[in-house]
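Just so we're aligned, residue 33 is where the sequence shown starts under my numbering, counting upward by one. Heads up, the beta-carbon is just placed ideally off N, CA and C, and yes, glycines get one too.
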Amino acid sequence: MKQLLLGRNALFGLLGAIAVLTVVPVATIMPAYAVDDIEGADAPDLTAVQAKIAAKDYKGALADLRDLAQDNQQADVYNLLGFTLRKTGDVTTALTYYNKALELKPDHKAAREYLGELYVETGDMNKAKEQLASLQKLCPAGCEELSDLQKAIDTKVTQ
Numbered sequence: 033m034k035q036l037l038l039g040r041n042a043l044f045g046l047l048g049a050i051a052v053l054t055v056v057p058v059a060t061i062m063p064a065y066a067v068d069d070i071e072g073a074d075a076p077d078l079t080a081v082q083a084k085i086a087a088k089d090y091k092g093a094l095a096d097l098r099d100l101a102q103d104n105q106q107a108d109v110y111n112l113l114g115f116t117l118r119k120t121g122d123v124t125t126a127l128t129y130y131n132k133a134l135e136l137k138p139d140h141k142a143a144r145e146y147l148g149e150l151y152v153e154t155g156d157m158n159k160a161k162e163q164l165a166s167l168q169k170l171c172p173a174g175c176e177e178l179s180d181l182q183k184a185i186d187t188k189v190t191q
């Protein structure tokens, strides 16, 4: 009887070890994304790009994103391309990439926020408010993108 219990415990221990060894590598390979920027499970690894954006290295991020866009027609890539282009002053091309992101994923909250901010920056408050209305529908209980765009609109109105 002792041998049967020892055999069963050894089997459970072996199965547990296999489970841990299978899950841990997968968990460590998966990149971490910022919740408000990356919305697609199909996004390429944008960790390095996000680090450059956080460091305000928009030209470096732009170079990486252009390389990624060659191989990936993906809303998150296009949204970040729009963002970096807007931050480098190329508003016209930024608009094109925000629209590409929204063609692929019309409910992309970050693209709606950033497109709205582009409209605020260019003084087109009606279009900015259209993006705000879209975010209100996407986030009826509120979300960071909605509050950020609302703040940008409010700041522009009080200037």
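Could you compute how far the alpha carbon of residue i sits from the alpha carbon of residue j?
i, j, result
"E135", "D89", "27 Å"
"N158", "K183", "15 Å"
"A126", "Y146", "10 Å"
"D139", "L167", "8 Å"
"A59", "T79", "Its pLDDT being 33, under 50, A59 is placed unreliably by the model, and the measurement read from it follows with that caveat. For A59 and T79, the distance between alpha carbons rounds to 15 Å."
"P210", "D156", "Nothing about residue 210 can be reported from this structure: the residues present for the chain run from 33 to 191 only."
"Q191", "D103", "42 Å"
"P172", "E162", "15 Å"
"Y130", "Q82", "17 Å"
"D99", "G92", "11 Å"
Can you check which of these residues, the options, is closest to residue i by C-alpha distance?
i, options, result
"A142", "T154, L178 and D77", "L178"
"Q105", "K137, L147 and K169", "K137"
"L181", "T190, Y130 and R144", "R144"
Determine, using beta carbons only, whether residue i and residue j come nearer to each other than 8 Å.
i, j, result
"A133", "A107", "yes"
"L94", "T128", "no"
"D96", "K84", "yes"
Counting only the same chain and skipping the five closest in sequence on each side, list residues whose C-beta sits under 8 Å from that of residue i.
i, result
"V123", "L117, L150, E153 and T154"
"A101", "V109, Y110 and L113"
Please report the Cβ distance between residue i and residue j, rounded to the nearest whole angstrom; I am assuming they are in contact, meaning their Cβ atoms lie under 8 Å.
i, j, result
"G148", "A160", "5 Å"
"I185", "L164", "6 Å"
Keeping to the same chain, check which residues put their C-beta closer than 6 Å to that of residue i; ignore five residues upstream and five downstream.
i, result
"K188", "V152"
"F115", "Y146"
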